[in-house]
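Peer 1: Letter 284 of the sequence shown, counting from 1, is numbered 1712 in the working numbering, and no numbers are missing.
Pasting a structure below so you can have a look.
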Amino acid sequence: MTTITFNRPYATGKEFDYISHAIQNMHISGDGSFTKKCQNWLSEHLSAPQVLLTHSCTAALEMFPILTNLKAGDEVIMPSYTFVSTANAFVLRGCVPVFVDIREDTLNLDENLIEEAITEKTKAICVMHYGGISCEMDKIMQLAKKYDLHVFEDAAHCLFSSYKGKQLGSFGSLSAVSFHETKNIISGEGGALIVNDENYFDKAQIVRQKGTNREAFLRGEVDKYTWVDVGSSYLPSDIIAAFLWAQIEHAEQINAKRHKIWETYFHALKPFEDQGFLRLPVVPEGCQHSAHLFYLLMKDEAQRDHMIEKFREKGIQPVFHYIPLHSAPAGQKYGKVAGELEVTEKASKCLLRLPMFVEMTEEQQDYVIKTLQEIIES
Ligand SMILES: Cc1ncc(COP(=O)(O)O)c(C=O)c1O
């Protein structure tokens, strides 16, 4: 039977070469030459003044509350329909995630519900752009300004996404991207901290280097390096960066291929949406997305589960996505809910993601589309 997995990590062919260069360079700990190349590219691509590779997006997220000096009890507004790390990064510092519902169309934090969730303890809004489709950043930035709140971006899905011409990841004072093997550009595990506010430049290097001023020491600015602040080890080995560099060199081709697959799904499945069988992703005007994932929203959980089961019988592996954080045991223990989270709960029950990976062939995609048609017609 044909088997079509949900994801298949893509290697460009240059990864081994670059890893062996890294080994020959004899600098395989963090911040070697491949790390610098990746950071420079990301910085230019995102028009971000500072980018620091981390060992995961989770690591970069964990740096947000440390850098901004958030304290126990401080509240951070975020969606519940997101990955664990968006919330856990703050909970680690004793902060309280305040879960707000998402919009029906984009499944992103509903900007019109944020204001009601703000209390005197609110210190930040942490957005997550689902599938690389942007949140309504104009309104969110205005609210943050009005209430003097930090804006953070969990931009895990977002490389190559923009909002009104500005790259996602460049709105927050701090943002985080992921290079996990399920993402568009990968290094197995991996991520980056994007620092858009120069007030955090020096501290970001210290926090990432175990709380030491090692960077300043390497630049010859201090004569010995020592423990100067809270920190951890958030930097990846240059071996990881070497892998990532091979991916970055192919970023355009990877991006183009993913968009082709995304568009093919969208056009082929549009008639099913028009006939009311399902709902397709919505990309608002002014948003350029990353083609990170392709989802369908079915009418209810039973229909979604039926769809997944039937796909699996045909060797296709669709998957659902986030379990709302507010309903998870840790979310109940450490978080707070602002208002009803009806859209979040519905999305979690009705959403499935279709297989999508760079080397997906036209035949494989046709098979997924035809199978979906058969399931609907049966
Ligand atoms: C929205 C979001 N944030 C953060 C992460 C964590 O990324 P990483 O595995 O690089 O830590 C994920 C993982 O898929 C994610 O979907």
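All C-beta atoms in this analysis are idealised placements derived from N, C-alpha and C, irrespective of residue type, glycine included.
1. For ALA1552, which of helix, strand or coil comes out of DSSP?
2. Less than 7 Å between C-beta atoms, sequence neighbours within five positions excluded: which residues of the same chain meet that for MET1429?
3. Can you look up THR1640 in the DSSP assignment and give me helix, strand or coil?
4. Is it right to say GLN1760 is buried, meaning 16 or more other beta carbons lie within 10 angstroms of its own, or is it exposed?
5. Take LEU1697 and list the residues in its own chain whose beta-carbon comes closer than 8 Å to its own, dropping the five residues that flank it on each side.
6. Please report how far the alpha carbon of ILE1668 lies from the alpha carbon of THR1547, in whole angstroms.
7. Would you report the Cα separation of MET1569 and VAL1711, rounded to the nearest angstrom?
8. With contact counted as at least three CB pairs below 8 Å, one residue from each stretch, are the stretch 1750-1759 and the stretch 1583-1597 in contact?
9. Whose C-beta lies closer than 8 Å to the C-beta of VAL1658 among residues of the same chain, with five residues either side of it excluded?
10. Using DSSP with H/G/I as helix, E/B as strand and the rest coil, what is THR1457?
11. Tell me which same chain residues have a C-beta within less than 8 Å of the C-beta of CYS1778, skipping the five on either side of it?
12. Thinking PRO1746 and PHE1434 are a contact (beta carbons under 8 Å), I'd like their distance in whole angstroms, please.
13. My parser needs the alpha helix (DSSP H) runs of 4 or more residues fully inside the stretch 1691-1753; what are they?
14. Taking the C-alpha atoms as reference points, what is the distance between ILE1456 and PHE1462?
15. Alpha carbon to alpha carbon, how far is TYR1795 from SER1484?
16. For ILE1689, which of helix, strand or coil comes out of DSSP?
17. For LYS1652, collect the residues of the same chain with a Cβ closer than 7 Å to its Cβ; drop the 5 residues on either side in sequence, then sort them by chain order.
18. Strictly under 8 Å for the Cβ-Cβ distance: is ALA1476 near chain C by that measure?
19. State yes or no: is the C-beta of GLY1619 nearer than 7 Å to some heavy atom of ligand 1?
20. Alpha carbon to alpha carbon, how far is HIS1687 from ASN1612? Give it in angstroms, no decimals.
21. Can you tell me whether DSSP reads LEU1587 as helix, strand or coil?
22. Does at least one heavy atom of ligand 1 sit under 7 Å from the Cβ of ALA1584?
23. Give, in chain order, every unbroken run of the alpha helix (DSSP H) that is at least 4 residues long and sits entirely within the stretch 1600-1664.
24. Taking just the CA atoms, how far does VAL1504 sit from GLY1376?
25. Hey, ILE1553 and ALA1584: beta-carbon distance below 8 Å or not?
26. Going by the CB atoms, is the gap between GLU1539 and GLY1767 shorter than 8 Å?
27. HIS1695: buried (16+ other C-beta within 10 angstroms of its C-beta) or exposed?
Peer 2: In short:
1. Here ALA1552 carries a strand assignment [DSSP, helix/strand/coil].
2. GLY1743
3. In the structure shown, the three-state DSSP call for THR1640 is strand.
4. exposed
5. LEU1706, LEU1708, LEU1724, ILE1797, LEU1800
6. 41 Å
7. Inter-residue distance for MET1569 and VAL1711 is about 20 Å (C-alpha atoms, whole angstroms).
8. Result no; under three Cβ-Cβ pairs closer than 8 Å.
9. ILE1494, VAL1635, GLY1639
10. The sequence given here has Ser at residue 1457, not Thr. DSSP places SER1457 in coil when its eight states are reduced to three.
11. Cβ neighbours of CYS1778 beyond the five flanking positions: LEU1725, MET1726, LYS1727, ASP1728, GLU1729, GLN1731, ARG1732.
12. At roughly 7 Å, the Cβ-Cβ gap stays under 8 Å, so PRO1746 and PHE1434 are in contact.
13. 1729-1741
14. 10 Å
15. 34 Å
16. Helix, per DSSP.
17. PHE1645
18. Annotation note: the requested chain C is absent from the structure, which comprises a single protein chain.
19. yes
20. 11 Å
21. coil
22. Using a cutoff of 7 Å, the CB of ALA1584 counts as near ligand 1, since one of the ligand's heavy atoms is closer than that.
23. 1629-1636, 1642-1646
24. There is no way to answer for residue 1376, as the model of the chain reaches only from 1429 to 1806.
25. no
26. no
27. exposed
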